[in-house]
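In our numbering, the protein residues as written are 3 to 168. To keep things clear, I will list the structure first and then write my remarks on it.
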């Protein structure tokens, strides 16, 4: 297969190595740079076939290659979702202030739980953490189900009051 001969294509071929280095730096990837070079070559063939007059071939080639490289990078970023963070989208992770406040709240809850009588604390933990029913907790603590309900009410009220206090 013979290649088309033209001034624009000849200029492209003479600039190939220099342009390749430029595109590798610009895109950060050898593969993207090679794709941009190939697309540039095809675009230059189209330009030649239309008979457009180019005054500065070097500048034109660099402009076409640069635009195609930018398009390729943007297309890849959209496809993979690895573009720069959108400033309008807040980071869902808690910030340092929220983290500190949550730690303080957790310490308050821990202190409130420590202040509870042992059966009320155990009933609350078995109910909320382990997911046991009132009947299962009653059997474990050897008390009636109504006593479990009283333990839970007492524990919840105590924790609510302690967490509401400044």
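Glycine included, C-beta positions come from ideal geometry on N, C-alpha and C.
Using the beta-carbon count (16 or more within 10 Å), is residue 34 buried or exposed? buried
Does the separation of the CB atoms of residue 147 and residue 157 fall below 8 angstroms? no
If you follow the alpha helix (DSSP H) that residue 56 is in, where does it begin and where does it stop? Neither: residue 56 is in no alpha helix (DSSP H) and is coded neither H nor E.
Quick check: what's the CA-CA separation for residue 1 versus residue 46? No answer is possible for residue 1: the residues shown for the chain start at 3 and end at 168.
Go ahead and pull the three-state DSSP assignment for residue 131. coil
Taking residue 111 as the reference, which of 63, 28, 50 and 161 has the closest Cα? 161
Among the candidates 118, 31 and 21, whose CA atom is the shortest distance from the CA of residue 155? 118
Would you call the segment 50-69 in contact with the segment 93-101, where contact means no fewer than 3 C-beta pairs closer than 8 angstroms? no
Proximity below 8 angstroms, CB of residue 29 to CB of residue 81: no
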